[in-house]
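Numbering (the UniProt record's numbering), first residue to last: 1 to 488.
Don't be surprised by glycine CBs; every beta carbon is placed ideally from N, CA and C.
This structure is a prediction, so every number in the text was calculated from the model and none was measured.
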Ligand code: NAP
C-alpha cells in the first residue's frame with residue numbers, strides 16, 4: 001500500500017448521527033507506542049476507522065514514512081501527552097524501558113496487545129506485569145488475538161472477535177467501543193485474571209481439533225493396517241503375488257470410507273450414551289462424566305473430519321479407472337473373454353448392486369456436505385435453532401442411515417463368502433458396521449413411545465424419586481395440596 005493510499009480511509013468515517021450517547025470517533029485521539037508491524041497495522045486501521053492517531057517511537061524521523069500521513073509520528077513522551085488511550089505495541093521484554101514515561105502515563109488507559117512465545121511462559125500475564133509497572137494507569141488486555149495482517153486487511157478478511165479484559169469496567173467499555181468502530185466484535189472476558197487465558201489463545205494450535213484429529217488418524221491407521229494385511233500381505237504370502245502397487249490408491253480408498261463412516265457414527269454415539277445415562281439416573285441434572293462431556297463438545301470437528309474423509313474417498317473413487325493397473329486388468333479380462341469366446345458378461349445382480357451402491361453413496365456425500373456447510377459459523381448464525389437442529393440432528397442421522405445402506409450394498413453377500421475371509425479376517429466393511437448399527441438401533445429404541453416419553457419428561461425437568469408438590473381437585477370441587485413422588 002502506498003503512503004498516499006494509506007492516508008485515505010478505506011471504510012470512511014462512520015456516521016454517529018442518531019446515537020447521541022456515543023463520542024464521534026474522529027474526535028478521539030488514540031496513541032500507539034511502538035512502530036513495528038502491529039503498531040503500523042493498528043495505526044492504519046484506526047485512521048481508516050476515523051480516529052486521530054499519534055504514534056510514539058524512539059526514532060520518529062526514521063519511522064514516520066512507514067505510517068499513513070494522517071497519523072502523527074512523534075517521540076514517545078510527546079505522543080503520550082496527546083491522548084488518554086494508548087496501545088502498547090511493544091514486546092513485554094521492553095516494557096521496563098517505558099518506565100521513564102510513568103509520570104505522563106499516569107491516569108491513562110494502556111491497552112496491552114502483547115503475546116508470548118510459549119503457553120504460560122511467565123508467572124503473571126503480560127497485562128498484569130504492565131499494570132504492576134504502571135500502577136497509576138488502567139490496563140486493558142485486548143487485540144492480541146488479532147494479527148497485524150487482519151488489522152491491515154480489515155475485520156472482514158479475518159477473525160472478527162477481539163477478546164477484552166480489565167479490572168476497570170469503564171476502561172473496558174472504552175476499548176470495546178474502539179474495537180467496534182474498527183469493525184471488530186468485542187468480547188468481554190471479565191477481569192484482569194483472564195489475561196493469561198487470552199494471551200494463551202493465539203499460541204494454541206487447533207485446540208478443539210486435537211482429539212478428533214488423533215481419533216481420525218488412529219482409525220485410519222487401524223483400518224489401513226487391516227486392509228494392507230487383507231489386500232497386499234495375504235496375496236503375497238498365499239499366492240506369492242506382488243500387490244504392493246495397491247497401497248497408494250486402493251488400500252487408501254478402502255480405508256477412507258471406513259474412517260468416514262465410523263467417524264460419522266461417533267458424532268451420534270455420545271448423544272445415545274447421554275440419553276442412556278439420563279434414562280438410567282432418571283434425571284438430566286446429573287453431570288455427565290468428563291470424557292462424555294468432551295466427546296459431546298467435539299462432535300462438530302468429528303463430523304467435519306468424517307466429511308473430509310468421505311470427500312477424499314469420492315475423489316479417489318473417481319480416479320480408480322485412470323490407473324494403469326486398472327487399464328491392464330481391463331485389457332487382460334477382455335483378452336481372456338475373447339479367448340474363451342465369451343460374448344455376454346453382463347451380470348444383472350452385479351449391475352444393480354453397483355448402481356444402487358454408487359447412487360446411495362452420492363446421496364450420503366451430499367447430505368454430509370450439507371451438514372458440513374451448516375456447521376460453519378456464518379451459515380449456522382443465519383439459521384434458527386429448529387432449522388439448525390433439524391439439519392444437524394435429523395438430516396445427520398439420515399446421512400448415517402444412508403451411509404449404512406451404501407456400506408451394505410457395497411458388501412452385498414460378501415460377508416457370507418468364505419473366500420473373503422483372508423487369514424480368517426472378515427471383510428473390512430463388516431467391522432465398520434458395528435458402531436453405526438448400534439447407534440441406529442439405539443435411536444430406533446429411543447423412538448419407541450414409552451421410552452421417548454420418559455426421555456422427553458426427563459429433558460423437561462422431571463426427576464426419578466423426587467417429591468413434588470401437587471394440587472388436586474377434591475370430590476367437593478375444592479383443591480387440596482400434598483406431596484407425592486413424581487416417580488409414581
Ligand atoms: P515489532 O515489529 O518488533 O515492533 C516492536 C516495536 O517496539 C518496535 O518497532 C519499537 O518501536 C518498539 N520498542 C519500544 N521499546 C523498544 C525496545 N526497548 N527495544 C525494541 N523495540 C522497542 O513487533 P510487533 O510485531 O509489532 O509486535 C508488537 C507487540 O504486538 C508485541 O507485544 C506482540 O506480541 C504484539 N502482537 C503482534 C502481532 C503481530 O501480528 N505482529 C499480533 C498480536 C500481538 P520504536 O523503535 O519505534 O520505538
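Spatially closest choice to residue i from the options, by CA coordinates
i, options, result
"residue 361", "312, 54 and 68", "312"
"residue 355", "238, 391, 243 and 410", "410"
"residue 56", "72, 264 and 459", "72"
"residue 251", "223, 295 and 273", "223"
"residue 436", "258, 202 and 384", "258"
"residue 317", "45, 389, 253 and 452", "253"
"residue 465", "418, 432, 406 and 282", "282"
"residue 265", "336, 291, 432 and 353", "432"
"residue 97", "69, 376, 33 and 109", "33"
"residue 290", "196, 273 and 302", "273"
"residue 102", "86, 91 and 115", "86"
"residue 208", "152, 238, 179 and 303", "303"
"residue 119", "413, 205 and 182", "205"
"residue 110", "153, 59, 192 and 182", "192"
"residue 306", "353, 212, 293 and 386", "212"
"residue 68", "44, 132 and 263", "44"
"residue 513", "146, 200, 425 and 194", "Lying outside 1 to 488, the shown extent of the chain, residue 513 is not represented and no answer is given."
"residue 238", "438, 421, 52 and 450", "421"
"residue 179", "62, 217 and 140", "140"
"residue 388", "168, 450 and 374", "374"
Residues near residue i by beta carbon distance below 7 Å, same chain, minus five either side
i, result
"residue 325", "245"
"residue 124", "none"
"residue 416", "none"
Contacting residues, own chain, Cβ-Cβ under 8 Å from residue i (five flanking each side not counted)
i, result
"residue 423", "229, 230 and 234"
"residue 401", "440"
"residue 188", "164, 165, 172 and 176"
"residue 455", "275, 278, 279 and 446"
"residue 21", "In this prediction, residue 21 has a pLDDT of 47, which is less than 50 and means its spatial position is unreliable; nothing more can be read from the coordinates."
"residue 287", "293"
"residue 195", "112, 125, 126, 127, 128, 141 and 165"
Neighbour-count burial assignment, residue i, 16 or more Cβ in a 10 Å radius
i, result
"residue 351", "exposed"
"residue 65", "exposed"
"residue 112", "buried"
"residue 461", "exposed"
"residue 381", "exposed"
"residue 76", "buried"
"residue 80", "buried"
"residue 28", "buried"
"residue 342", "exposed"
"residue 429", "buried"
"residue 267", "buried"
"residue 225", "exposed"
"residue 227", "buried"
"residue 271", "buried"
"residue 452", "exposed"
"residue 198", "buried"
"residue 391", "buried"
"residue 214", "exposed"
"residue 128", "buried"
"residue 344", "exposed"
"residue 95", "buried"
"residue 346", "exposed"
"residue 394", "exposed"
"residue 295", "buried"
"residue 89", "buried"
Neighbourhood of residue i by C-beta, 6 Å cutoff - its chain only, sequence neighbours within 5 removed
i, result
"residue 396", "371"
"residue 459", "284"
"residue 100", "none"
"residue 310", "260, 365 and 368"
"residue 135", "none"
"residue 143", "113 and 162"
"residue 148", "37, 38 and 41"
"residue 243", "232 and 235"
"residue 92", "114 and 126"
Counterpart residues of residue i in DSSP-defined beta bridges
i, result
"residue 140", "111"
"residue 186", "162"
"residue 345", "Looking at the DSSP assignment, residue 345 forms no beta bridge with any residue, so it has no partner."
"residue 29", "52"
"residue 57", "75"
"residue 425", "422"
Residue i at chain C interface by Cβ criterion, 8 Å
i, result
"residue 57", "Absent from the structure: chain C. Only one protein chain is present."
Where are the beta strand (DSSP E) runs, 3 residues long or more, that stay fully inside the segment 69–114, in chain order? 72–75, 85–88 and 109–112
Going residue by residue through the segment 289–364, where are the continuous alpha helix (DSSP H) segments of at least 4 residues, counting only ones entirely within it? The qualifying runs are 290–297, 299–319 and 324–339.
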